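Residue numbers (UniProt numbering): 1 to 347. First the structure, in the form of structure tokens, and then the observations on it.
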């Protein structure tokens with residue numbers, strides 16, 4: 001009988017495994033413990049998946065650091081021993097070149113380790129404010145679709161901007177988001193994809209998700225379509241993991257995060273570019289329009305109950321839909337200098 005092989009993807013999509021990695025005091029989940037007991041050849045895959053989770057958490061493996069230190073100590077002692085034995089055999093200092101070669105090798109090892117650790121640490125503290133790279137913007141009323149160097153696809157919604165780091169796809173894949181951008185990540189297990197915005201940092205290995213972060217708004221949003229992502233507010237220790245069909249709302253003022261579920265129907269309609277309303281209240285319509293068109297819409301100036309909306313608006317321009325909403329509710333709408341759409345009562 002062929003023995004079942006674990007895959008990293010299977011582990012990273014398992015909520016029990018994620019909880020186990022996040023809770024160090026918690027033992028290995030029973031189903032995985034039994035699996036490893038019967039099929040020990042999967043232990044390497046299990047440990048590798050754990051290392052990816054630690055990377056997603058922003059942690060550096062202590063075992064890696066200790067291993068580098070032990071390698072240095074062992075190499076240094078070996079050089080010393082070789083020097084002593086050589087001197088005892090020849091009674092002359094003929095081993096001096098060997099000593100310097102050994103010391104140079106040791107220093108090179110330490111330097112390589114330091115560079116590796118510094119590079120990893122510096123990458124994890126990058127933010128959208130200091131990320132240097134190529135900037136791509138969409139039009140004020142049009143979206144732009146691009147494919148990044150690694151095959152990742154991005155849709156930049158109207159008025160949004162995407163910054164792609166100069167060293168994108170070297171060790172990490174980093175971008176900065178202004179406004180709303182949809183990503184379909186090309187999977188690369190050894191190169192995490194990190195999307196920074198002003199109020200969120202989203203880390204993924206291979207997945208599809210939306211990032212929404214507009215200037216001067218109350219909250220930012222990350223919506224996961226498939227795969228798994230980690231969401232964290234800059235400077236916060238609070239970390240949230242999303243599953244497909246969930247979203248994370250982050251307060252732009254306090255950094256507090258709230259996880260919500262997105263209905264399967266809404267997610268399907270969004271991906272298929274369908275826009276249907278069935279006796280929907282205006283607030284729900286506005287929420288859907290914001291995601292569908294990547295816009296920021298303000299109805300806070302409108303008082304009283306707004307009328308419900310029914311109809312298929314797929315393929316229509318946002319301006320036509322906004323005008324319909326304004327007409328039936330006796331409102332006007334405009335776009336301010338920050339590209340926010342504002343509804344107001346008619347004079």
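Ideal Cβ positions, reconstructed from N, Cα and C, are used throughout, including at glycine. Quantities reported herein were computed from a predicted structural model and do not represent experimental measurements.
Inter-segment contact for the region 144 to 164 and the region 184 to 200 is present: three or more beta-carbon pairs are separated by less than 8 Å.
139 is the residue among 165, 251, 139 and 169 whose C-alpha sits nearest the C-alpha of residue 155. The residue from 287, 193, 320 and 247 with its alpha-carbon nearest to that of residue 261 is 247. Between residue 45 and residue 257, the alpha-carbon positions lie close to 32 Å from each other. In the structure shown, the three-state DSSP call for residue 142 is coil. When 320, 311, 305 and 300 are compared, the shortest CA-CA separation from residue 293 is found for 320. The straight-line gap separating the alpha-carbon atoms of residue 295 and residue 35 is approximately 48 Å.
Separation of residue 179 and residue 39 (C-alpha to C-alpha, rounded to the nearest whole angstrom) is 47 Å.
Residue 252 sits close to residue 220, with the two beta carbons spaced by under 8 Å. DSSP links residue 180 through a beta bridge to 212. The count of Cβ pairs closer than 8 Å, one atom from the region 299 to 312 and one from the region 337 to 346, reaches three, so the stretches are in contact.
Straight through space, the alpha carbons of residue 176 and residue 158 are spaced by roughly 16 Å. A direct Cα-Cα distance of roughly 6 Å separates residue 281 from residue 309. One thing to note: residue 307 has its Cβ no nearer than 8 Å to the Cβ of residue 284.
In the DSSP assignment, the residues bridged to residue 345 are 331.
Across the set 298, 275 and 311, the C-alpha of 275 shows the shortest separation from the C-alpha of residue 288. Assignment of beta-bridge partners to residue 277 by DSSP yields 311. DSSP places residue 171 in the coil class of the three-state scheme, outside both helix and strand.
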